[in-house]
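In UniProt numbering, the protein residues as written are 1 to 309.
The following block contains the structure:
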């Protein structure tokens with residue numbers, strides 16, 4: 001359910017509905033306040049887009065299943081191995097990896113880089129462009145307390161702001177019945193910055209010296225201040241969700257987890273909001289994979305592999 005709470009939201013929601021129809025999303029329909037109340041009794045808004053085919057999954061379980069598929073097909077999954085170098089071969093590429101101080105060379109005819117928070121560094125090792133640069137944003141979550149998990153029945157989202165590649169704070173009923181509230185989008189001082197105290201000097205230096213970072217700060221400083229305030233104040237965090245779930249109280253929230261978004265930022269200060277695939281000979285890099293990259297991962301993989309053969 002995507003909920004519009006004011007006239008500006010309604011105009012943007014109509015465009016989301018148009019795109020859903022153009023892309024063949026089954027069953028999407030606009031509903032008014034009464035229809036919204038029937039579907040989500042605690043949610044309020046001027047209008048909403050209902051997508052009955054939208055669902056949630058346990059993505060770590062999906063990733064583990066994919067790893068099993070790789071091994072079953074004769075492949076290997078190496079964890080704890082850091083890529084420290086690459087060099088081209090006459091036919092293919094060689095990758096140097098480090099595992100607990102032991103270095104190993106791996107050769108491949110084709111290489112696909114899906115390095116997330118470090119994909120720009122990996123791409124540069126392979127001769128790729130310096131633009132865009134990954135700038136980390138931490139997304140923090142709260143959980144509804146068990147006795148208030150009935151505030152939503154399914155997935156409830158605000159209308160996305162077209163100026164930002166973030167979904168906004170939303171409520172998500174997970175497969176185990178718990179309800180996530182979030183995430184926000186707070187600049188992180190480390191590419192592994194899952195907490196405020198996580199600071200990495202190299203990551204921070206690369207962020208502040210990238211020309212695009214100044215452009216992002218100049219264009220979006222107001223929303224940045226609001227996101228930081230929401231990170232430091234449960235009341236501010238809850239206010240964002242109360243726009244469409246007005247009965248939500250501060251006490252209904254308990255701290256949840258956090259993730260770090262690998263946000264690609266252009267040299268010109270643009271927040272890259274679409275998929276970016278870069279090809280460097282035998283190497284293909286997924287330079288930007290914004291939401292819904294997890295949802296679309298198998299389709300994206302088909303597209304990438306089609307370019308390799």
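Just so it is clear, CB atoms sit at the ideal spot from N, CA and C, and this is done for glycine as well. Model, not experiment: these values are computed from the prediction.
Using only alpha-carbon positions, find the residue among 256, 224, 140, 3 that is nearest to residue 30.
-> 3
Can you give, in chain order, each stretch of the alpha helix (DSSP H) that sits fully within the region 100 to 179 and has at least 4 residues?
-> 119 to 125
Is residue 281 helix, strand or coil by DSSP?
-> coil
According to DSSP, which residues form a beta bridge with residue 288?
-> Beta bridge pairing from DSSP links residue 288 with 276.
Ends of the beta strand (DSSP E) at residue 245?
-> Counted as a single uninterrupted DSSP element, the stretch harbouring residue 245 is not any beta strand (DSSP E), since DSSP gives it neither H nor E.
Secondary structure of residue 33, DSSP reduced to three states | helix
Enclosing alpha helix (DSSP H) for residue 220 [first to last residue] = 211 to 232
The region 79 to 88 / the region 111 to 129 touching (three or more Cβ pairs under 8 Å) = yes
Straight-line Cα distance separating residue 15 from residue 134 = Straight-line Cα distance between these residues: approximately 29 Å.
Tell me the start and end of each unbroken beta strand (DSSP E) in the region 32 to 101 that is at least 3 residues and wholly inside, in chain order.
-> Within the region 32 to 101, the complete beta strand (DSSP E) runs of at least 3 residues are 47 to 50, 82 to 89, 92 to 99.
Taking Cβ positions, are residue 256 and residue 170 nearer each other than 7 Å?
-> no
Classify residue 28 as buried or exposed, calling it buried when 16 or more other Cβ atoms lie within 10 Å of its own Cβ.
-> Its Cβ being crowded by 16 or more others within 10 Å, residue 28 is buried.
Note down the Cα distance separating residue 220 from residue 288, rounded to an integer number of angstroms.
-> Rounded to whole angstroms, the gap between the alpha carbons of residue 220 and residue 288 is 20 Å.
Should residue 237 go down as buried or exposed, given a rule of 16 or more other Cβ atoms within 10 Å for buried?
-> The residue is buried, with at least 16 neighbouring Cβ atoms inside 10 Å.
7 Å Cβ cutoff met for residue 285 and residue 107 = no
Secondary structure of residue 202, DSSP reduced to three states = helix
Ordered along the chain, which non-local residues of its own chain (more than five positions away) have a Cβ less than 6 Å from that of residue 97?
-> 81, 83, 104
Report buried or exposed for residue 291, applying the criterion of at least 16 other Cβ atoms within 10 angstroms of its Cβ.
-> exposed
Measure the C-alpha to C-alpha separation of residue 215 and residue 209 and round it to an integer number of angstroms.
-> Going by C-alpha positions, residue 215 is about 12 Å away from residue 209.
Are three or more beta carbon pairs between the region 195 to 206 and the region 233 to 253 nearer than 8 Å?
-> no
With DSSP collapsed to three states, give me the class of residue 261.
-> strand
Burial state of residue 318, where buried means 16 or more other Cβ atoms lie within 10 Å = Within the shown structure, residues of the chain are numbered from 1 to 309, placing residue 318 beyond reach of any answer.
Hey, could you find the ends of the beta strand (DSSP E) residue 306 is sitting in?
-> Note, residue 306: premise wrong, no beta strand (DSSP E); alpha helix (DSSP H) at 297 to 306.
Residue 264 to residue 138 span [Cα, whole Å] = 14 Å
So what does DSSP say about residue 181, is it helix, strand or coil?
-> strand
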